[in-house]
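Novice: Just so you know, we're using my numbering here: the sequence shown kicks off at 32 and counts up by one.
Here it is, the structure, as structure tokens.
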Amino acid sequence: MLPASAPSSVFVKEVKLLFNKNESTAPVDAGKEYEVTIEDIAKEGDGIARVSGFVIFVPGTSVGDEVTIKVTKVMRKFAFAEVVE
């Protein structure tokens, strides 16, 4: 419940800051390269690597592959990357 003395615009602003969907706490950044080992395969067939426990989907890889990847897109709970040739 909002205190009677609090302006509603302040409350709304605080809620927006707490739930900003564009804010990422991912340990990786789009455009950067990382050395990873493919640990698993996703249902769609993409390799799964992890950086500090954060899941990264890497198409065209197999379990055990040690590859350099370039992150292409970062979401809140996972990212996509491609193998650097």
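All residues carry an ideal CB built from backbone N, CA and C; glycine is no exception.
Excluding the five sequence neighbours on either side, which residues of its own chain have a C-beta within less than 6 Å of the C-beta of T68, listed in chain order?
Specialist: Position 37 of the sequence shown, counting from 1, holds the residue named residue 68. Excluding sequence neighbours, T68 sits near E97.
Novice: By the three-class DSSP mapping on this structure, what secondary structure does T56 have?
Specialist: Within the sequence shown, numbered from 1, the residue matching residue 56 stands at position 25. Coil at T56, not helix or strand.
Novice: Let me check understanding here. Comparing Cα to Cα, which of K63, I72, V82 and D77 lies closest to K108?
Specialist: For the purposes of this step, residue 108 is taken as the residue at position 77 of the sequence shown. The option with the nearest alpha carbon to K108 is V82.
Novice: Helix, strand or coil: how does DSSP classify K101 here?
Specialist: Locating residue 101 in the sequence shown gives position 70, where the first residue counts as 1. Reduced to three states, the DSSP call for K101 is strand.
Novice: Can the beta-carbon of V89 be found closer than 8 Å to that of I72?
Specialist: Here the question's residue 89 lines up with position 58 in the sequence shown. Here the question's residue 72 lines up with position 41 in the sequence shown. No; because the gap between Cβ atoms is not below 8 Å, this pair is not in contact.
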